[in-house]
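In the numbering used here, the protein residues as written are 1 to 192.
(1) Helix, strand or coil for residue 191? Go by DSSP, reduced to three states.
(2) Leaving out the 5 sequence neighbours to the left and right, which residues in its chain are closer than 6 Å to residue 191 when beta-carbon positions are compared?
(3) Could you compute how far the alpha carbon of residue 91 sits from the alpha carbon of residue 141?
(4) Report yes if the CB atom of residue 134 is closer than 9 Å to the CB atom of residue 19, and no otherwise.
(5) Which one of 147, 121, 21 and 97 has the shortest CA to CA distance from residue 132?
(6) Could you tell me the alpha carbon to alpha carbon distance between residue 60 and residue 110, rounded to whole angstroms?
(7) With which residues is residue 134 paired in a DSSP beta bridge?
(8) Measure the alpha-carbon distance for residue 1 versus residue 36 and round it to whole angstroms.
(9) Let me know the secondary structure DSSP gives residue 38 once reduced to three states.
(10) Using CA atoms only, rank isn't needed, just tell me which of 23, 14 and 39 is closest to residue 181.
(11) Touch check for the segment 79-99 and the segment 52-68: three-plus C-beta pairs under 8 Å?
(12) If you draw a straight line from the C-alpha of residue 186 to the C-alpha of residue 83, how long is it?
(13) Determine the DSSP secondary structure at residue 123, reduced to helix, strand or coil.
(14) Distance check for residue 56 and residue 97, CA to CA, integer angstroms please.
If you want it as structure tokens, here you go:
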């Protein structure tokens, strides 16, 4: 396993980012976290993304119907009002899903294959504006499950994972994220 990591690290091009751009730093770290978690045997769960895409397609179809309907404006007034209403309802639904389900989640996973005592994961990250403190949280995808474990997190400065040229030191970051995953795997759910 260690040889595989070293081989992957030697064949990859280094990940470089602009250290003055807060969003590109967070994006690079989030992409690396996704890569690390999926390599640990947690397959990605795309259901939430697919639902959001489906709702987005419905919104676009509603907008296209409103734009290219056969009749001109005064005659299609009721049809346009219906399309506008549906557009608002579906956009509201989309925002509700993002606000209540996704929050700051960067990755939803299924339980590892062959695992009977684990749930999937929700991986969440935060990098506040004008701050260098990156917070990574790993929690159960189904907190009500009997096999759900207590969430674990770490908060560290991004400066320890990047060189002064903006190259991500993947070995250090990999070790920290892997340690958090292992800590989650060992954690037992506290009784209420």
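Beta carbons are placed, not taken as given, at the ideal position from N, Cα and C, and that holds for glycine. Just so we're clear, the structure is a prediction, and the values are computed from it rather than from any experiment.
Well, looking at it:
(1) Stepping through the chain shown from its first residue, residue 191 is reached at position 191. Low local confidence applies: a pLDDT of 44 at residue 191 is under 50, so the model's placement there is unreliable, with the coordinate-based value given in what follows. Correct three-state label for residue 191: coil.
(2) For the purposes of this step, residue 191 is taken as the residue at position 191 of the chain shown. Residue placement at residue 191 is flagged as unreliable, the pLDDT there being 44, under the threshold of 50; a coordinate-derived value is accordingly withheld.
(3) As a first step, residue 91 must be located in the chain shown, where it is residue number 91. As a first step, residue 141 must be located in the chain shown, where it is residue number 141. Using only the alpha carbons, I get a separation of about 25 Å.
(4) On the chain shown, residue 134 is found 134 positions in, with the first residue counted as 1. On the chain shown, residue 19 is found 19 positions in, with the first residue counted as 1. Contact flag unset, no.
(5) Stepping through the chain shown from its first residue, residue 132 is reached at position 132. When each option's Cα is compared against that of residue 132, the closest is 21.
(6) Here residue 60 corresponds to residue number 60 of the chain shown, with the count starting at 1. Here residue 110 corresponds to residue number 110 of the chain shown, with the count starting at 1. Between residue 60 and residue 110, the C-alpha separation is close to 30 Å.
(7) Counted from its first residue, the chain shown places residue 134 at position 134. Beta-bridge pairing links residue 134 to 156.
(8) Taking the chain shown and counting its residues from 1, the one referred to as residue 1 is at position 1. Taking the chain shown and counting its residues from 1, the one referred to as residue 36 is at position 36. Below a pLDDT of 50, predicted positions are generally treated as unreliable, and residue 1, at 48, falls in that range; the measurement from the model is reported next regardless. Between residue 1 and residue 36, the C-alpha separation is close to 13 Å.
(9) Along the chain shown, read from residue 1 onward, the residue named residue 38 stands at position 38. Reduced to three states, the DSSP call for residue 38 is helix.
(10) Along the chain shown, read from residue 1 onward, the residue named residue 181 stands at position 181. It is 39.
(11) yes
(12) Position 186 of the chain shown, counted from the first residue, corresponds to residue 186. Position 83 of the chain shown, counted from the first residue, corresponds to residue 83. Straight-line Cα distance between these residues: approximately 52 Å.
(13) Walking along the chain shown from the start, residue 123 turns up at place 123. Correct three-state label for residue 123: strand.
(14) For this step, residue 97 is matched to residue 97 along the chain shown. For this step, residue 56 is matched to residue 56 along the chain shown. One C-alpha to the other measures close to 12 Å.
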